[in-house]
Amino acid sequence: MVTVGIVDTTFARYDMGKIALNTIQELAPHITVIRRTVPGIKDLPVACKILLEEFNCEAVMAIGMPGPKPIDAQCAHQASIGLINCQLMTNKHIIECFVFENEAGSEDELIDICKDRARKHAEHLVRIALNDQEWFTARAGRGYRQGHPDAGPLL
Amino acid sequence: MVTVGIVDTTFARYDMGKIALNTIQELAPHITVIRRTVPGIKDLPVACKILLEEFNCEAVMAIGMPGPKPIDAQCAHQASIGLINCQLMTNKHIIECFVFENEAGSEDELIDICKDRARKHAEHLVRIALNDQEWFTARAGRGYRQGHPDAGPLL
Amino acid sequence: MVTVGIVDTTFARYDMGKIALNTIQELAPHITVIRRTVPGIKDLPVACKILLEEFNCEAVMAIGMPGPKPIDAQCAHQASIGLINCQLMTNKHIIECFVFENEAGSEDELIDICKDRARKHAEHLVRIALNDQEWFTARAGRGYRQGHPDAGPLL
Amino acid sequence: MVTVGIVDTTFARYDMGKIALNTIQELAPHITVIRRTVPGIKDLPVACKILLEEFNCEAVMAIGMPGPKPIDAQCAHQASIGLINCQLMTNKHIIECFVFENEAGSEDELIDICKDRARKHAEHLVRIALNDQEWFTARAGRGYRQGHPDAGPLL
Amino acid sequence: MVTVGIVDTTFARYDMGKIALNTIQELAPHITVIRRTVPGIKDLPVACKILLEEFNCEAVMAIGMPGPKPIDAQCAHQASIGLINCQLMTNKHIIECFVFENEAGSEDELIDICKDRARKHAEHLVRIALNDQEWFTARAGRGYRQGHPDAGPLL
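Protein chains in written order, with this note's numbering: chain D, 540 to 694; chain G, 540 to 694; chain W, 540 to 694; chain A, 540 to 694; chain C, 540 to 694.
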């Protein structure tokens, strides 16, 4: 039995956790998903670590939505460093899925980014949990993106 | 018996520790609270670690109030990284409650931010210590804020 | 038997992993190479750690291609810190091979940088895995570069 | 018997170590003080760790004086992160006493800052080593400063 | 028998490793020196850790020469953080000897900085390896510099 985790925040303004949950259930209904919610992105690293170490998750997805101010970008930076450290401490992957409020020109566009990024990273989570290395290596160096159109390979 | 910790500073210009203490006692009078005070925000991480490891706290709240200068923001950044590392080392949550002196237009507004943020994060501390995951997940992705009005969910 | 690892990303827009793989096979056909691909550069540190610790690699090459935006530079910074921490945790070398999309004036130039940097760092990987310290020390302080012309020694 | 440590640098332009030493001896003559000097601020973290772990110090004071250039601020930032990590690794406090050469308008003012900050942080060191928590908590949230006039509490 | 390490890079444009080596042999011919060379400054931390842990060095000198671009400063920052972490993990000193290509107005001046800084830091390495604490403390707070004229003490 394979278990994965999803951790999201009450700070985020869109429920990417639900999108991720639905995507995992569509792609791999046999995977067990544990969902946790924390106040903000700085609370994500330890919540992920607990799921990886105490709940035996193969991998975890950390979902956050930093606000538009410089202090929000700073918090996201701190959280990202913590998520990387957490992975190094556990030898397990955390898929970081952050949508920055200021990376879109409108709320509609922001929602589109949230949906696309959450779906694609949820697939990454599944592929990692199932150790599907062929899928990843077939896509190496080809400019894939999440939330925005693929950049594609250099020609 | 559940124990939580509060650590604040002599540098801060408002006694958020007392507000947090009162909030915890209102919400969960059966919880034991240990309070510590340190000189400045960079002293918070180790003080939290001692409470988590040597005083058996379930979770801790780290309260600080960085001054208005760039060096103060830098110190807050260092402290935040330390607080995240501390959580990763202990597998326990630290609720960071920082109020930046320059995030308000007046001293009155600054006090209002202090009160609101300390109260709401004290409730987070209680909910985490009591493992009330349903409360958090019911609020996932809905744009909650502390110290400022909620941003609310994207529509 | 000597084993090395190569980890690259689906985010990168050029297949530097293949260039590195070919270079290693030309220079040292007796070395076994394990290749892994992850979504983005922040996923590199833990992937390297798994190869170093669980697959017994002597050394690993971490290949990434940050996009042109400030957030991409930030992600690369976080990844680099993680790669250094990973090395300190394992006492093994990781050769970081990052090409920044904005370090070239054209796509053609960018491809040239990718090819040159991947080839030269793949040779570094081989020399480190084979413990060829004389080769490195003979080149100490002589201004070697990867992806751009050598700066050469000060005269 | 209580032992504390003082670590300062040859880079600093004022002998704050001596001021700290004198302050400790006035306030708590029964405390044993071990003094170490290192070249620059980046050498402070490991020197503190050695005192805390191998010389059984209860707490240590790390004294530095970054120069006026951006690179000096960067070094101070790195040192501060290291000092916080050191505390997390040892569960003991390090009182950081840094005076930035550019925080004063004249050399006389700079000397005044050095004296005041070293004295007050030496008292912090003593209070922490003696576990005088009441003294700290009585001062919580009241805007104390070292090297500059107290900001005082918000009214 | 006392052993120290020197680690430098092929990226650097001046052979500071040789200067350091010569200085150590003049000052303390009975000290054994192990020299290693790595591609760039980000490779220094793990190379130092291996020398400290697996080759029993008392202390190590890490020599690097970041280029003139912002990305080079960023790499130096990452390396410095890694060097400090390495010291905290080993309880041994690493003397960082970095010369930034843009800290001089001409190549001649740059060479002078390299020579002076490498010589003085090599002496620091020797004094630390021989535990000559009196020499350091006699110089505490007196504004010593390496590569540039001493700033001297505040009067």
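Note that the Cβ used here is the ideal one computed from N, Cα and C, for glycine as well. Keep in mind that this is a model prediction, so the values were computed, not measured.
Asked	Found
The stretch 610-621 of chain C contacting the stretch 644-652 of chain C, beta-carbon criterion three pairs below 8 angstroms	no
Anticipated Cβ contact below 8 angstroms, Ile563(G) with Val543(G), distance rounded	7 angstroms
Three-state secondary structure assigned by DSSP to Thr549(D)	coil
Start-to-end residues for the beta strand (DSSP E) that takes in Ala567(G)	Note, Ala567(G): premise wrong, no beta strand (DSSP E); not H, not E.
Proximity below 8 angstroms, CB of Glu640(D) to CB of Met604(D)	yes
DSSP three-state assignment for Cys636(D), whether helix, strand or coil	strand
Near the ligand GTP: Lys659(W) beta-carbon under 7 angstroms from a heavy atom	No copy of the ligand GTP appears in this structure; indeed no ligand is present at all.
Contact the stretch 629-636 of chain A vs the stretch 568-588 of chain G: 3+ CB pairs below 8 angstroms	yes
Contacts around Arg681(W), its chain only, beta-carbon distance under 6 angstroms, and the 5 residues preceding and following it disregarded	Pro692
Proximity of Ala690(G) and Arg552(D) at Cβ, strictly below 8 angstroms	yes
Proximity below 8 angstroms, CB of Pro568(D) to CB of Thr549(D)	no
Contact under 8 angstroms by Cβ, Asp651(G) with Gln685(G)	no
Arg666(D) versus Gln672(D): straight-line alpha-carbon distance, rounded	8 angstroms
Contact belief for Leu590(C) with Val546(C) at Cβ below 8 angstroms, rounded distance in angstroms	7 angstroms
Leu560(A) to Thr571(A) span [Cα, whole Å]	10 angstroms
8 angstroms Cβ cut-off: residues of chain D touching Leu627(G)	Pro584, Val585, Lys588, Gly621, Asn624, Cys625, Met628
Length of the line joining the Cα atoms of Leu669(W) and Glu662(W)	11 angstroms
Simplified DSSP state of Ala690(C), which is helix, strand or coil	coil
Classification of Phe594(C) by the beta-carbon crowding that lies within 10 angstroms, buried from 16 upward	exposed
Simplified DSSP state of Met600(W), which is helix, strand or coil	strand
8 angstroms CB neighbourhood of Trp506(G) in its chain, flanking five on each side removed	Nothing can be reported for residue 506(G), as the shown portion of chain G is limited to 540 through 694.
Cross-chain neighbours of Gly682(G) in chain D, by beta carbon under 9 angstroms	Thr549, Phe550, Ala551, Arg552, Tyr553, Met604
Which of helix, strand or coil DSSP assigns to Gly680(D)	coil
Chain A residues whose Cβ lies nearer than 8 angstroms to that of Pro692(C)	Arg552, Tyr553, Asp554
Cβ-Cβ distance between Val541(W) and Glu597(W) below 8 angstroms	yes
Contact list for Gly656(D) against chain W, beta-carbon separation under 7 angstroms	Strictly speaking, residue 656(D) in this sequence is Arg, with Gly absent from that position. The premise fails here: Arg656(D) is roughly 11 angstroms from chain W at the closest Cβ pair, so nothing lies under 7 angstroms.
Status (buried if at least 16 other CB within 10 Å, exposed otherwise) for Ala615(G)	buried
Closer than 8 angstroms to chain A by CB, Val638(G)	no
Under 8 angstroms from the C-beta of Pro578(C): neighbouring residues of chain W	Ile634, His660, His663, Phe675, Tyr683, Gln685
Cα-Cα separation, Gln613(D) to Leu664(C)	37 angstroms
Min CB distance Gln613(D) to chain W below 8 angstroms	no
Extent of the continuous beta strand (DSSP E) run through Ile623(D)	No beta strand (DSSP E) contains Ile623(D), which is instead part of the alpha helix (DSSP H) from 609-629.
Chain-ordered neighbours of Gln564(A) on chain C, where CB pairs are closer than 9 angstroms	Those within 9 angstroms of Gln564(A) in chain C number zero; the least Cβ separation is about 16 angstroms.
Helix, strand or coil at Val585(D) according to DSSP, with G and I counted as helix	helix
Best match in Lys581(G), Arg678(G), Pro688(G), Arg658(G) for proximity to Gly606(G) [C-alpha to C-alpha]	Lys581(G)
Minimum Cβ-Cβ distance from Arg678(A) to chain G less than 8 angstroms	yes
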